[in-house]
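Peer 1: Residue numbering for the sequence shown follows this note's numbering, beginning at 98 and increasing consecutively.
Beta carbons are placed, not taken as given, at the ideal position from N, Cα and C, and that holds for glycine.
First, the structure itself, so that you have it in front of you.
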Amino acid sequence: MSSKMRKVTAVGLLARDELLVRTLLKVVTTQTTEAWSFHDGFEANVALCNPDSALSMMAIRRASSHGLLCVSVVHDGGHVLPETLMLRAPIRSSDFIDVLNRASGRLQVQGRSQESWPKDDERYESVAQALSRLKSERTARHARIEVQNRVLVVEFRTGQMAGVDDLTDADLVDIAHSRSFTLTVLDERPGDTGTFTHVLDRLLWLSGLHGASHGEADVLPDRRYQLRRWPDAGSLPLQSFQLHMAAVLSRQAATADELASRVQRPLQDAEAFLNGCAMLGVLDEVTASMENRAGGMRATRKSFYGDLFHSLRTMLGIRRSAGE
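Rendered as structure tokens:
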């Protein structure tokens with residue numbers, strides 16, 4: 098077995114399937130060609146996907162441009178996602194070992210020597226989708242983007258973008274949805290990055306709000322979603338009805354139609370809000386089993402008030418004291 102450690106994540110899997118995967122990983126790793134561990138987040142090498150989850154399509158789009166692999170976990174009567182390996186459920190240890198070994202072989206072939214996306218490769222991601230993926234992976238420090246005759250340098254730790262132009266929201270939307278760009282991941286921040294700074298989350302948020310018109314909507318109308326945490330009202334141009342939507346989704350899950358009804362706004366406003374939250378990485382798809390899980394409401398209520406106060410503090414410029 099190789100000393101290299103690979104990572105597996107679960108995307109939209111049923112709770113029992115994810116639990117089984119976590120358990121199997123502890124016992125089969127000595128029988129695979131490489132060592133494997135479970136990891137929460139898209140920075141894993143392999144994503145075990147539920148074909149019926151909207152989040153799986155997002156994982157496929159992000160993985161395809163990054164040399165990673167998706168595996169469809171298929172129950173009886175289910176379907177296999179395009180361009181993925183297949184793992185039948187209920188998952189057997191022998192099948193699991195086999196799919197991990199096949200994944201290892203493909204990953205070794207697909208491995209890249211550098212992180213770079215050329216301008217003439219428009220098959221996969223927009224600027225916003227690439228930056229959202231890199232942000233969620235939490236492995237990149239900086240990124241340099243050449244797009245629309247501009248150069249932007251992103252620092253993921255601070256969430257700031259620097260450039261020579263003072264960009265309007267309309268400029269950010271155009272840049273966010275561009276698929277003709279060069280992106281290079283850097284370990285060190287370049288010396289001359291420009292005098293103007295912009296907030297990365299603002300670009301991601303605006304790209305989500307306008308995603309439907311650019312064919313980049315990540316949420317589905319029949320799925321239920323809930324906020325993992327509040328969007329930051331201090332750095333984002335949130336309107337009052339969007340704050341209301343955040344409050345609703347902090348307490349309970351809803352479809353886009355249910356959210357629009359509760360806030361009394363058009364459906365397209367609810368869909369835009371959900372897309373914006375998805376791009377920020379603060380939105381979770383919720384299944385019926387997850388909603389019924391014991392203790393879920395207590396944890397949700399605690400998160401709701403904590404994130405509400407944090408968002409209000411940020412918006413008002415109030416620092417949290419050390420004793421709180």
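Does the contact criterion of 3 or more C-beta pairs under 8 Å hold for the region 225-244 versus the region 284-296?
Peer 2: Enough Cβ pairs lie closer than 8 Å, so yes.
Peer 1: Hey, could you find the ends of the beta strand (DSSP E) tryptophan 327 is sitting in?
Peer 2: Counting along the chain, tryptophan 327 falls outside any beta strand (DSSP E), and DSSP gives it neither H nor E.
Peer 1: Decide yes or no for the touch test of the region 344-353 against the region 314-333: beta carbon pairs closer than 8 Å, at least 3 of them.
Peer 2: Yes, since at least three Cβ pairs between the region 344-353 and the region 314-333 fall closer than 8 Å, the two stretches touch.
Peer 1: Compute the Euclidean distance between the alpha carbons of serine 275 and alanine 225, then round it to the nearest angstrom.
Peer 2: One C-alpha to the other measures close to 8 Å.
Peer 1: State the Cα-Cα distance for the pair threonine 265 and leucine 121, rounded to the nearest angstrom.
Peer 2: Cα to Cα, the separation comes out at about 50 Å.
Peer 1: Give the list of continuous alpha helix (DSSP H) stretches no shorter than 4 residues that lie fully inside the region 259-302.
Peer 2: Fully enclosed alpha helix (DSSP H) runs of 4 or longer: 266-273.
Peer 1: Rounded to whole angstroms, what is the Cα-Cα separation between valine 248 and valine 296?
Peer 2: Between valine 248 and valine 296, the C-alpha separation is close to 15 Å.
Peer 1: Is asparagine 142 buried or exposed, if buried means 16 or more other CB atoms sit within 10 Å of its CB?
Peer 2: Under this definition asparagine 142 is a buried residue.
Peer 1: Provide the residue(s) that pair with histidine 176 in DSSP beta bridges, ordered along the chain.
Peer 2: Paired residues: none, contrary to the question.
Peer 1: How many whole angstroms separate the CB atoms of valine 118 and phenylalanine 135, which I take to be in contact at a CB cut-off of 8 Å?
Peer 2: 7 Å between Cβ atoms; contact.
Peer 1: Look at the Cβ atom of valine 383, then the Cβ atom of alanine 353, and state whether they are nearer than 7 Å.
Peer 2: Their beta carbons are not under 7 Å apart, which means valine 383 does not touch alanine 353 by this criterion.
Peer 1: Rounded to a whole number of angstroms, what is the C-alpha to C-alpha distance between proline 179 and threonine 292?
Peer 2: Approximately 44 Å, taken between the alpha carbons.
Peer 1: Check alanine 141 in the structure and name its three-state DSSP category.
Peer 2: In the structure shown, alanine 141 sits in coil (DSSP, three-state: anything other than H, G, I, E or B).
Peer 1: In the DSSP output, which residue or residues are listed as bridge partners for glutamate 252?
Peer 2: In the DSSP output, where bridge partners are listed per residue, glutamate 252 has His239 and Gln257.
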